[in-house]
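To start, the structure itself, in structure tokens.
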Amino acid sequence: MNTTSALFALARVALVEALRERILYGLLAFAIGLILLSAVLSNVTLGWPVRIVTDLSLSAISLGGAAMAILLGVRSVASEIERRVAYPVLARPIARWTYVLGRYLGVVGTVFINVLLMALAATIMIAAYSHEGFFQYAVSDYLATLGLMLVRLAILAGLAVLFSTFTSSTVAFIASTGLGIAGHFTADLRHFLGKSEFWLTRTVGEALYWALPDLATLEALPRLIHGEPILNTQAIVAAAYGLFYLGVVLVLACWRFEGRDLP
Amino acid sequence: MRSRWVYALLLVVLAMGTHFLHRQAVVGVAERETAGPLPNARVLRFLTSSHHTSAADLYWLELVQYVGTEAALRAGWPDLEALADLVVTLDPKYGYAYQASGILLSTAGRIDASNEILERGMANVPGRWQLPFYAGFNRWYHQRQFREAGELLLRASRLPGRPDWLAALASRLFASSGSIDDGIALLDLMIANTEDPLLRDDFIRRREDLVLEKMLRRIEDRAAAFRAAHGRWPQRLEELGDREIRAFLPTPLGQTLRWNPETGEVRSLYLQDRLVLYEPKEEPEIREVPPTASTEESP
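Set out below in structure tokens:
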């Protein structure tokens with residue numbers, strides 16, 4: 257079996273395993289429930305119901321997707337090691353990086369399938385609440401917003417898998433959730449720490465700014481609901497930044513797992 | 031078997047207790063005049079990070095529910111400014127929030143607060159024609175500042191999406207310095223551009239005030255002319271022979287009119303305070319307003 261087919265076989269197994277997780281369906285039901293709730297709430301507002309539907313339903317997808325990415329990601333490797341299910345697989349002539357990458361692709365594939373289902377529900381809602389039967393937003397801008405959201409979720413899944421390669425599921429969950437939250441405040445962190453008169457604090461602020469993922473840059477929802485253009489050079493550069501950052505995270509995960517002594 | 035009955039009984043008692051307490055809690059909320067403790071807008075803006083628009087939407091929904099609360103309505107919405115400030119601090123580009131809050135504050139008689147939030151909106155969402163338009167209405171209707179009203183309407187008339195005849199209305203405001211017909215035209219425009227029943231009802235009520243005021247003045251003029259010609263007041267308003275007055279009398283607003291043939295006084299049961307016509311001492315000058323950016327938010 258060559259590396260590519262091993263990679264896809266591992267990804268397929270991880271996808272099937274992830275799709276069997278009951279928590280996934282709980283999160284999916286929760287997110288779709290929030291999307292439906294946004295439609296109910298839009299009926300008790302003044303003025304502009306489609307804004308409420310768009311904002312709350314895409315936020316629900318973002319939150320639900322993030323929860324899925326982290327919960328599935330932290331279990332992807334750590335739980336396999338804890339349950340000793342990984343050993344028969346790793347005993348085969350499969351490189352460890354292939355194993356990590358395969359597990360990651362399974363997780364991210366599951367998250368993307370669920371996000372697409374939620375996005376379908378949200379799009380139908382937005383279309384139903386748009387003025388005079390026309391979709392409220394430019395299709396390219398709407399798709400770009402969803403695309404940036406997928407990059408953000410791919411990074412969160414990558415971070416969860418990274419922590420999962422060298423620590424327990426619980427610690428990996430806490431660490432990746434913390435990084436996911438901190439990733440929305442990197443610019444603020446740099447701004448506040450940069451005001452310090454002590455050079456070390458400023459340097460720490462600068463280091464954190466470059467080391468943490470800048471997830472706020474990959475958020476286009478506020479611009480979408482204000483009718484601002486999204487699919488432009490800035491969005492493409494932001495997506496490229498996200499993919500490069502993801503590459504760094506996955507290389508670190510593979511590297512860390514290669515050097516790990518398994519009991 | 032016996033334990034089943036115990037569970038069933040327990041379930042019924044707890045369900046009834048829950049329902050009773052829930053009703054009490056809901057009544058408590060409905061009777062509340064204030065919106066309850068509100069978070070610091072700047073802190074919440076920071077904490078919600080890139081989801082600040084969703085937080086703004088949730089507080090906007092709270093504002094709408096608050097405005098519709100009977101007790102808050104009776105108290106004159108004391109927390110309206112704080113809620114509106116929270117919403118527009120969370121999302122400074124929320125054009126409709128500035129517009130609706132401005133109108134609601136104007137309805138509550140807090141004109142300075144209304145102008146303040148509309149001006150804040152004009153700075154943050156410069157392409158939204160409704161903001162200078164409603165600020166102009168405040169100047170015209172409440173503050174009798176016709177020059178400023180004209181300038182604001184002129185500014186609104188230069189923005190994308192505005193109704194075609196807004197420029198003509200702005201010119202009329204400059205020229206006539208606030209005739210009743212201009213006010214009715216202004217309110218017709220506002221009614222046509224407002225879908226929300228709460229705001230529409232307020233504009234319709236204000237329009238009815240102006241229509242009544244216009245008719246009262248017409249009756250007073252015709253009655254004075256009648257007395258000059260006949261040396262007495264008419265016994266009934268139909269005697270005036272004015273076609274417009276005669277057509278108005280059977281309408282619901284016309285039914286509220288009361289004529290006193292002894293004193294020649296006419297009043298409406300509906301219009302408690304007569305509106306006063308402001309006569310400026312000099313003709314206002316039309317000042318050039320610099321064109322603004324056209325970043326229009328959706329409806």
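Residue numbers (my numbering), protein chains in the order written: chain A, 257 to 519; chain B, 31 to 329. Glycine residues also receive a C-beta, built at the ideal position from the N, C-alpha and C atoms. These figures come from a predicted structure and were not determined experimentally.
Check: Which listed residue (A:458, A:444 and A:356) has its alpha carbon closest to that of residue 510 of chain A; Outcome: A:356
Check: Bridge-paired residues (DSSP) for residue 290 of chain B; Outcome: B:295
Check: Status (buried if at least 16 other CB within 10 Å, exposed otherwise) for residue 395 of chain A; Outcome: exposed
Check: Contact list for the segment 153-166 of chain B against chain A, Cβ threshold 7 Å; Outcome: none
Check: Alpha-carbon to alpha-carbon, residue 282 of chain A and residue 290 of chain A; Outcome: 12 Å
Check: Span separating the alpha-carbon of residue 308 of chain B from that of residue 108 of chain B; Outcome: Low confidence applies to residue 308 of chain B: its pLDDT is 45, below 50, so where it sits in the model is not reliable enough to give any reading.
Check: Where the alpha helix (DSSP H) through residue 269 of chain A begins and ends; Outcome: 259-275
Check: Rounded C-alpha distance that separates residue 141 of chain B from residue 390 of chain A; Outcome: 38 Å
Check: CB contact below 7 Å: residue 303 of chain A versus chain B; Outcome: yes
Check: 6 Å Cβ shell around residue 169 of chain B - same chain, five flanking residues per side excluded; Outcome: 175, 178 and 179
Check: Residue 480 of chain A classed as buried or exposed, judged by whether at least 16 other C-beta atoms fall within 10 angstroms; Outcome: buried
Check: Run of the alpha helix (DSSP H) containing residue 244 of chain B, from where it starts to where it stops; Outcome: 227-260
Check: Per-residue DSSP class, three states only, for residue 350 of chain A; Outcome: coil
Check: Through-space distance from residue 132 of chain B to residue 103 of chain B, alpha-carbon basis; Outcome: 16 Å
Check: Reference residue 294 of chain A; option with closest CA among A:346, A:380 and A:360; Outcome: A:380
Check: Residue environment, residue 372 of chain A, which counts as buried when at least 16 other CB atoms sit within 10 Å; Outcome: exposed
Check: Continuous alpha helix (DSSP H) stretch holding residue 513 of chain A: start and end; Outcome: 489-514
Check: Beta-carbon neighbours of residue 71 of chain B, restricted to chain A and to distances below 8 Å; Outcome: Under the 8 Å cutoff, chain A gives no residues; its nearest Cβ is about 16 Å from residue 71 of chain B.
Check: Any chain A beta carbon closer than 7 Å to residue 308 of chain B; Outcome: With a pLDDT of 45 at residue 308 of chain B, under the threshold of 50, the predicted position of this residue should be treated as unreliable, though the coordinate-derived value follows. So no, residue 308 of chain B is outside the interface.
Check: Whole-angstrom distance between residue 268 of chain B and residue 256 of chain B, CA atom to CA atom; Outcome: 12 Å
Check: Residue-level contact to chain B via CB, residue 470 of chain A, 7 Å cutoff; Outcome: no
Check: Distance between residue 487 of chain A and residue 397 of chain A (C-alpha atoms, nearest Å); Outcome: 5 Å
Check: Spatial distance of residue 429 of chain A from residue 64 of chain B (CA atoms); Outcome: 41 Å
Check: Three-state secondary structure (DSSP) of residue 282 of chain B; Outcome: coil
Check: N- and C-terminal bounds of the alpha helix (DSSP H) containing residue 444 of chain A; Outcome: 442-449
Check: 8 Å contact criterion, which residue 266 of chain A and residue 359 of chain A should meet: CB distance rounded; Outcome: 6 Å
Check: Test item: CB-CB of residue 101 of chain B and residue 68 of chain B under 7 Å; Outcome: no
Check: Chain-ordered chain B contacts of residue 432 of chain A [CB-CB under 7 Å]; Outcome: None at all; the shortest Cβ gap to chain B is about 17 Å.
Check: Neighbouring residues, chain B, relative to residue 300 of chain A (Cβ below 8 Å); Outcome: 91, 94 and 95
Check: Residues within the segment 440-471 of chain A neighbouring chain B, beta-carbon criterion of under 9 Å; Outcome: 440, 441, 444 and 471
Check: Nearest neighbour of residue 441 of chain A, chosen from B:79, B:194, B:249 and B:301 [CA to CA]; Outcome: B:79
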